[in-house]
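What follows is one structure encoded as structure tokens, with my remarks underneath.
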Amino acid sequence: MSALALDGVVKRFGDLCAVDGLTLEVPSGTCLGLLGPNGAGKSTTMRMITGQVLADAGRITVLGLRVPEQSKQARAQMGVVPQQDNLDGELSVRQNLEVFATLYRIPAGQRAAAVEGVLRVVGLLDRQHTRAETLSGGMKRRLLIARGLVHSPALVLLDEPTVGLDPQVRAELWVLIDELRTKGVTVLMSTHYIEEAQRLADDVAMMSHGRLVAQGSPRQLMRTHAGERAWEYYGPEHRLREVAQAAARAGVPSRSTGPSVSVLRAEQAPPSLRADLGEPGHERDTTLEDVFVLLTGESVE
Amino acid sequence: MSLRAAPPPSIDVRWIEPSAIAAIWTREVTLFSRYWRSTSFAALVEPLVYLLAFGFGFGSLVGAIADTPYVQFLGTGIVASAVLFTSVFAGMYTTFIRRTFQKTYDALLAAPIDVHEIVLGEALWIATKAAVYGCAPLLAAMVFGLPPSWGMLLVPAIGLLTGLGFALFGILASASVPSIDSFNYVTSAVVTPLFLVSGTFFPLDNAPEWAQRLAYLNPLYHCVELVRDAVFVTLSPVDLVHAAVLAFFATLMGWLAVRTMRLRLIG
């Protein structure tokens, strides 16, 4: 059974089509990474799922409930971690969670235990009386995650959960998100970090200009679109152009990455291509980034 | 706490969910517990200053209005202006800041709460404060000789109803203006005239007929009349009309505030 399903969803803002016929399904207990650069339509998609943006066309079903018609019931069972810090800065860490524990209808007698439990999970128990506005960026993000988890939701939406954080904090949050996934919570996570999607998501949906360009497991996507191995060539512009042209002649895809060109599906390349290219390039495994750039022509971090 | 997904609970959703209003109030009470001293100081001292400045200043010239000493006439009138200012500015500025800068409503709307519950929760809290602070001028006027009466017990209820209407008007304004500076237009063009032409400082009986007719459209006028009739125990069937106007004003403002705020918050 799918926890979340979008079918032909469209959202326009004036002339801009932010989401263009998006069809997605997230099976229960899995993590879907919504990958795309800024402006791809990820946040709009997230906000349509919570009913904060109304779709112009299409159908959205969350935990078996129609959105926006039954959005309130759906929101009671999902947790949302926004990209933007919208904590109550003047309230303490604990008070922030108490407000949301009330909103999520946790019975008064169980509220304290729920708040303390989630504070322990995100490692903020010793900061529970600290004002939210005085927390570091990483701690604020932990508190946002705690706020989204305080009612033990069946579905969690994480909108760019680690954007703007330093690598160490990012790695800590990855552990937390990974734990959610392994415990059977359904997770929809938007990100523009390739590594984040590759590491945490069971399936990845790639978005570009509001459209879904590919969906599948990271391994499947890489195999289907980029093959197993890539040769990476560095050099002056004319040399990179020659490499790309030779790859095209040999019928294998290539993609440009700033100062280099990567020849994809290297394992399927005819031996003549190696001869054409001269000295061998740096050989590596293909990545989701290869797939994304190949399919969209855009880059992500 | 377990991170494992709990089985989806059976959700009974009401149009007004008590837990939604309770959450708004939990937040407000927590914040208020931090700022109550400064807020209360202003709310108590301002009417005292008005009474001293106008009551004894003008009062020495005017003497009495319809056998009521001017300081008592003014003290009962200032209840309405205390309610107006406590509610309308909180409705305007607080909700604008929360919507635009703090994104508080964005956070709330990701949880099971709808725009009309946010608007109602905020307005009820503001109106409750207005009802309490609206009693401060009466207390001050009692110090200056206003005799206590049973009708004074009705004043918090009148303040609550009036405060609700003006809090909702403030929320409507906050959802309508493009920037926080635009509140200057609302204050100058709407709030100040309402305040001055409400019968707080002078009776409207001797004003030109067109001005009296305009005053009937001013909800604050009806609050002033209702408060005076309650405090001086001169209640009559006309006061039902005053109460009905205030109730209509609150209902209309509530409808418009929810509608406008929804346009702002839901894309």
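As you go down the protein sequences, you meet chains D and B in turn. Mapping the first sequence onto my numbering, position 253 (from 1) lands on 253, and the numbers just tick up by one. Mapping the second sequence onto my numbering, position 127 (from 1) lands on 127, and the numbers just tick up by one. Virtual Cβ for every residue (Gly too), placed ideally from N, Cα, C. Please read these numbers as outputs of a predicted model, since none were measured by experiment.
Item: Option nearest residue 233 of chain D by Cα separation, candidates D/223, D/62, D/245; Value: D/245
Item: For residue 190 of chain D: DSSP bridge partner residues; Value: D/34, D/159
Item: Alpha helix (DSSP H) segment containing residue 223 of chain B, residue limits; Value: 219 to 231
Item: Validate contact between the segment 207 to 218 of chain D and the segment 17 to 24 of chain D using beta carbons, cut 8 Å, 3 pairs; Value: yes
Item: Residue(s) in a DSSP beta bridge with residue 173 of chain B; Value: Answer by DSSP bridge pairing: none, since residue 173 of chain B is not bridged.
Item: Alpha carbon of residue 41 of chain D to alpha carbon of residue 29 of chain B, nearest angstrom; Value: 38 Å
Item: Segments of 4+ residues assigned as alpha helix (DSSP H) that fall wholly inside the segment 118 to 191 of chain B; Value: 136 to 143, 155 to 176, 183 to 186
Item: Inter-residue Cα distance where the pair is residue 95 of chain D and residue 247 of chain B; Value: 35 Å
Item: Proximity winner among B/135, B/141, B/189, relative to residue 163 of chain B (alpha-carbon distances); Value: B/135
Item: Residue-chain proximity (residue 72 of chain D, chain B), Cβ-Cβ < 9 Å; Value: yes
Item: Contact list for the segment 97 to 110 of chain D against chain B, Cβ threshold 8 Å; Value: 98, 99, 100, 102, 103, 104, 105
Item: Pair within 9 Å by beta-carbon distance, residue 148 of chain D and residue 81 of chain D; Value: yes
Item: Short CB-CB distance (under 9 Å) between residue 90 of chain B and chain D; Value: no
Item: Test item: CB-CB of residue 191 of chain D and residue 173 of chain D under 9 Å; Value: no
Item: Residues of its chain near residue 5 of chain B, where Cβ-Cβ distance is below 6 Å and the 5 sequence neighbours each way are ignored; Value: Residue placement at residue 5 of chain B is poorly supported in this model, since its pLDDT is 43, which falls under 50; the coordinates are not used for a value here.
Item: The alpha helix (DSSP H) enclosing residue 42 of chain D, as first and last residue numbers; Value: 42 to 49
Item: Whole-angstrom C-beta distance between residue 220 of chain B and residue 84 of chain B, which should lie under 8 Å; Value: 6 Å
Item: Nearest to residue 154 of chain D (by Cα), restricted to the options D/280, D/260, D/31; Value: D/31
Item: Contact with chain B by residue 13 of chain D, beta-carbon distance below 9 Å; Value: yes
Item: Within-9 Å CB hit, residue 103 of chain B to chain D; Value: yes
Item: 9 Å Cβ cutoff, residue 80 of chain D in contact with chain B; Value: yes
Item: Collapsed DSSP secondary structure at residue 24 of chain D in the structure displayed; Value: strand
Item: Cα-Cα separation between residue 152 of chain B and residue 207 of chain B, rounded to whole angstroms; Value: 28 Å
Item: Members of the segment 26 to 40 of chain B that neighbour chain D once the beta carbon cut-off is set at 8 Å; Value: 26, 27, 30, 31, 34
Item: Integer Cβ distance of residue 77 of chain B from residue 201 of chain B, believed to fall under 8 Å; Value: 7 Å
Item: Proximity test, Cβ basis, 9 Å: residue 7 of chain B and chain D; Value: With a pLDDT of 46 at residue 7 of chain B, under the threshold of 50, the modelled position of that residue is not reliable, and the figure given next carries that caveat. Yes, residue 7 of chain B lies at the interface with chain D (some Cβ there is under 9 Å from its Cβ).
Item: Three or more C-beta pairs below 8 Å linking the segment 141 to 152 of chain B and the segment 101 to 115 of chain B; Value: no
Item: 6 Å Cβ shell around residue 276 of chain D - same chain, five flanking residues per side excluded; Value: 246
Item: Residue-chain proximity (residue 158 of chain B, chain D), Cβ-Cβ < 9 Å; Value: no
Item: As assigned by DSSP and simplified to three states, the class of residue 77 of chain B; Value: helix
Item: Buried versus exposed, by CB contacts within 10 Å (16 or more), residue 36 of chain B; Value: exposed
Item: Chain B within 9 Å of residue 76 of chain D, Cβ atoms only; Value: yes
Item: Beta-carbon gap between residue 92 of chain B and residue 171 of chain B smaller than 9 Å; Value: yes
Item: Contacts around residue 265 of chain D, its chain only, beta-carbon distance under 6 Å, and the 5 residues preceding and following it disregarded; Value: 227, 252
Item: Runs of alpha helix (DSSP H) lying entirely within the segment 203 to 252 of chain D, each at least 4 residues, in chain order; Value: 218 to 226, 237 to 250
Item: Beta-ladder partner(s) of residue 61 of chain D, from DSSP; Value: D/5, D/66
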